[in-house]
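Residue numbers (my numbering): 121 to 249.
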């Protein structure tokens, strides 16, 4: 069974990860820091934006793929894909410009976690039915 919906959103999310990785590299060259953050707060933020995204996207993408493989609802998959993209962008946007607290950033984290938790529960429920 193809997983076209998951493949579509995973492709978009992979491009986001690549863009964030390129951004880290640009900042590394700008500050002349090849390992760590060299005490540069901007570089540290860029590394954490990228790292946090890499830490969160794979699990959610895997859960999407499993849900799709097991015949999950297509609209739920689209909603999850859109929510994950939105969550990651809401998280990254404010952190890109400053390192202080942000309600927008918190909403991005919450949306990402909620999407992951929902997909986990849906996978469990789908197999029980």
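We treat Cβ as the ideally placed atom computed from N, Cα and C, and that holds for glycine.
Please read all numbers here as calculations on a predicted model, not as lab measurements.
Alpha carbon to alpha carbon, what distance is there between residue 153 and residue 241? As a first step, residue 241 must be located in the chain shown, where it is residue number 121. As a first step, residue 153 must be located in the chain shown, where it is residue number 33. So the two alpha carbons sit approximately 42 Å from each other.
So, under 8 Å CB-CB, residue 144 and residue 167 are touching, yes? Tell me the CB distance rounded to an integer number of Å. Within the chain shown, residue 144 is the residue found at index 24, counting from 1. Within the chain shown, residue 167 is the residue found at index 47, counting from 1. With a Cβ gap of about 6 Å, residue 144 and residue 167 count as contacting.
Nonlocal neighbours in the same chain, by C-beta distance under 7 Å from residue 162, ignoring five residues either side: By 1-based counting over the chain shown, the position of residue 162 is 42. Excluding positions up to five away in sequence, the list reads 147.
Can you give me the start and stop residues for the alpha helix (DSSP H) that residue 122 sits inside? To locate residue 122, count along the chain shown from 1; it is residue 2. Careful: residue 122 lies outside any alpha helix (DSSP H) and carries neither H nor E.
Separation of residue 206 from residue 247, as counted between CA atoms: One-based indexing of the chain shown puts residue 247 at position 127. One-based indexing of the chain shown puts residue 206 at position 86. Cα to Cα, the separation comes out at about 28 Å.
Helix, strand or coil: how does DSSP classify residue 218 here? Counting from one through the chain shown, the residue named residue 218 turns up at place 98. If DSSP states are grouped into helix, strand and coil, residue 218 belongs with coil.
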